[in-house]
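K.L.:
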Amino acid sequence: MNIRLLKAFLMLAEKRNYADAARALFISQPALTKQINLLESLVETSLFTRGRHGATLTSGGRCLLPEAEKVVRQTRLFMHHAERVSKGIEGHLAVGFGLSSFYLAPRCMAEFRRECPGIEMSLTDLPSFQQYELLQNDELQIGFVRVPPPVALDYLPLFTDRLVLIAPASSPSLPAADWLKKRPLLRLHAERGRGLNAQIDRFLHDNALFISSTQLSDDIQTIVALVIAGTGVALVPYSVMHIAPPELVIIPLTGESISWKVGIAWNANHEDIIRDNFIASIKKGIALHDV
Numbered sequence: 035m036n037i038r039l040l041k042a043f044l045m046l047a048e049k050r051n052y053a054d055a056a057r058a059l060f061i062s063q064p065a066l067t068k069q070i071n072l073l074e075s076l077v078e079t080s081l082f083t084r085g086r087h088g089a090t091l092t093s094g095g096r097c098l099l100p101e102a103e104k105v106v107r108q109t110r111l112f113m114h115h116a117e118r119v120s121k122g123i124e125g126h127l128a129v130g131f132g133l134s135s136f137y138l139a140p141r142c143m144a145e146f147r148r149e150c151p152g153i154e155m156s157l158t159d160l161p162s163f164q165q166y167e168l169l170q171n172d173e174l175q176i177g178f179v180r181v182p183p184p185v186a187l188d189y190l191p192l193f194t195d196r197l198v199l200i201a202p203a204s205s206p207s208l209p210a211a212d213w214l215k216k217r218p219l220l221r222l223h224a225e226r227g228r229g230l231n232a233q234i235d236r237f238l239h240d241n242a243l244f245i246s247s248t249q250l251s252d253d254i255q256t257i258v259a260l261v262i263a264g265t266g267v268a269l270v271p272y273s274v275m276h277i278a279p280p281e282l283v284i285i286p287l288t289g290e291s292i293s294w295k296v297g298i299a300w301n302a303n304h305e306d307i308i309r310d311n312f313i314a315s316i317k318k319g320i321a322l323h324d325v
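Each number in the numbering used here corresponds to the 1-based position in the sequence shown with 34 added.
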């Protein structure tokens, strides 16, 4: 049903006069009469009686009036919501992040929320290789991942991360190579830390370091706790040190295989104004940081 017919019905019920209602609707009186006649034909009910005192609602008109008001009100709310969605200020943003963006991703989300409080957001901790797949399938809108991606995705580099070795602060000061010879190397399981483990393997290979024993864990927080307890040492992204407790010693490493680029990636084949607004927010933050 054309919403204009219901608006005409409501206006005539309010004004109780065809001429006054037509002026309020910015249409001619014959056009209003035609709309009311068409609505009466559609609902198969007479809505008004006409007399010396103007237009008066029939019993059928009085019964239908509350529902007509409800439909028009809901239509206005829908159009208001649709306008905000079209501008990217209402909706949902699904974001993935990994170890290197453990600190950055939540900061970017918080800044975007200040700009667009009407956006519902979700932030999920996922390895980069899983994010690539979800981005391609349009199950994630943005991923904080290693870049460039190995698949066809647009991306924006944000910073360079690097490996560092962490050891318990209570232990004697040793070079990284000695730590790796003396203590077990704590690492993530393959399905959780594929990218980090590959980076670690390149570093060990390039420096001819052979590890006698390793211990696997499901998350970086457990690895940090095990290092503090003296169970072993670990090679982790320096960006994780934002949350590192003081009970750790951070030992810098050298070489070409210790660093990698981290950024955001997205699937530009799908139109998404909220995602684009989020990217613009990040770019604005970069520009302000560079000033």
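All residues carry an ideal CB built from backbone N, CA and C; glycine is no exception.
1. Determine the DSSP secondary structure at Ala-65, reduced to helix, strand or coil.
2. Since Phe-131 and Phe-178 should fall inside the 8 Å C-beta cutoff, what is the C-beta to C-beta distance between them, to a whole number of angstroms?
3. Using C-beta distances below 6 Å, list every residue in its chain close to Arg-50, excluding the 5 sequence neighbours before and after it, in chain order.
4. Return helix, strand or coil for Thr-158, following the three-state DSSP convention.
5. Taking the alpha-carbon positions, what's the Tyr-137 to Met-275 distance?
6. In the DSSP assignment, what are the bridge partners of Glu-247?
7. Check the C-beta distance from Val-258 over to Ala-278 and give it rounded, since I have them as a contact under 8 Å.
8. How about Ile-254 and Leu-169: do their beta carbons lie closer than 7 Å?
9. Exposed or buried, Asp-212, counting other C-beta atoms within 10 Å across all chains shown (16 or more means buried)?
10. Buried or exposed: Gly-125, going by 16 or more other Cβ atoms within 10 Å of its Cβ?
11. Within the 7 Å Cβ cut-off, does Ala-116 reach chain D?
12. What alpha helix (DSSP H) runs, 4 residues minimum, are completely inside the region 231–279?
13. Quick test of your reading: Gly-289 and Asp-240, contact by CB under 8 Å. State the CB separation rounded to the nearest angstrom.
14. At what residues does the beta strand (DSSP E) containing Arg-226 begin and finish?
15. Residue range of the alpha helix (DSSP H) that Leu-222 falls in?
16. Going by Cα to Cα distance, which pick from Phe-43, Thr-109 and Phe-60 is closest to Phe-82?
17. Compute the Euclidean distance between the alpha carbons of Gln-108 and Ile-308, then round it to the nearest angstrom.
18. Who are the Cβ neighbours of Val-325 in its own chain at under 7 Å, not counting the five residues just before and after it?
19. With DSSP as the reference, label Lys-317 as helix, strand or coil.
20. Where does Val-325 fall in DSSP's three states?
21. Which first and last residues belong to the beta strand (DSSP E) in which Leu-133 is found?
22. Can you tell which of Leu-59, Leu-46, Cys-150 and Arg-141 has its C-alpha closest to the C-alpha of Ala-102?
P.N.:
Answer, in terms of the structure:
1. As a working mapping, residue 65 is identified with position 31 in the sequence shown. Helix at Ala-65.
2. By one-based count along the sequence shown, residue 131 stands at place 97. By one-based count along the sequence shown, residue 178 stands at place 144. Right, the Cβ-Cβ distance comes to about 4 Å (below 8 Å), so this counts as a contact.
3. Stepping through the sequence shown from its first residue, residue 50 is reached at position 16. Non-local C-beta neighbours of Arg-50 in its own chain, meaning closer than 6 Å and more than five positions away in sequence, comprise Gly-88 and Ala-89, ordered along the chain.
4. Locating residue 158 in the sequence shown gives position 124, counting from the first residue. It is a strand residue.
5. In the sequence shown, the residue the question calls residue 137 occupies position 103. In the sequence shown, the residue the question calls residue 275 occupies position 241. When only Cα atoms are considered, Tyr-137 and Met-275 end up about 9 Å apart.
6. Indexing the sequence shown from 1 puts residue 247 at position 213. Per the sequence shown, the amino acid found at residue 247 is Ser instead of Glu. DSSP, once it has assigned bridges, lists no residue as partnering Ser-247.
7. Here the question's residue 258 lines up with position 224 in the sequence shown. Here the question's residue 278 lines up with position 244 in the sequence shown. Right, their Cβ atoms sit about 7 Å apart.
8. The residue labelled residue 254 in the question sits at position 220 within the sequence shown. The residue labelled residue 169 in the question sits at position 135 within the sequence shown. Against a cut-off of 7 Å, the Cβ pair of Leu-169 and Ile-254 comes out as no contact.
9. The residue you call residue 212 lines up with position 178 of the sequence shown. Its Cβ having fewer than 16 others within 10 Å, Asp-212 is exposed.
10. Position 91 of the sequence shown, counted from the first residue, corresponds to residue 125. With 16 or more Cβ atoms within 10 Å of its Cβ, Gly-125 is classed as buried.
11. Among the chains in the structure shown there is no chain D, since it carries only a single protein chain.
12. 254–262
13. Within the sequence shown, residue 289 is the residue found at index 255, counting from 1. Within the sequence shown, residue 240 is the residue found at index 206, counting from 1. Confirmed, Cβ separation roughly 6 Å.
14. Along the sequence shown, read from residue 1 onward, the residue named residue 226 stands at position 192. Arg-226 -> no beta strand (DSSP E), and no H or E assigned at all.
15. Locating residue 222 in the sequence shown gives position 188, counting from the first residue. First-last for Leu-222: 219–222, but that is the beta strand (DSSP E), not the alpha helix (DSSP H).
16. Within the sequence shown, residue 82 is the residue found at index 48, counting from 1. Of the candidates Phe-43, Thr-109 and Phe-60, the one whose C-alpha sits nearest the C-alpha of Phe-82 is Phe-43.
17. Indexing the sequence shown from 1 puts residue 108 at position 74. Indexing the sequence shown from 1 puts residue 308 at position 274. Distance between the alpha carbons of Gln-108 and Ile-308 is about 24 Å.
18. Here residue 325 corresponds to residue number 291 of the sequence shown, with the count starting at 1. Only weak support exists for where Val-325 lies, its pLDDT of 40 falling under 50; the coordinates are left without a value.
19. Here residue 317 refers to the residue found at position 283 of the sequence shown. Three-state result, Lys-317: helix.
20. Within the sequence shown, numbered from 1, the residue matching residue 325 stands at position 291. Reliability of the predicted coordinates at Val-325 is poor, the pLDDT of 40 falling under 50, and no value is obtained from them.
21. The residue given as residue 133 occupies position 99 in the sequence shown. From DSSP, Leu-133 is part of no beta strand (DSSP E); its letter is neither H nor E.
22. Stepping through the sequence shown from its first residue, residue 102 is reached at position 68. Checking every option, the nearest Cα to that of Ala-102 belongs to Leu-46.
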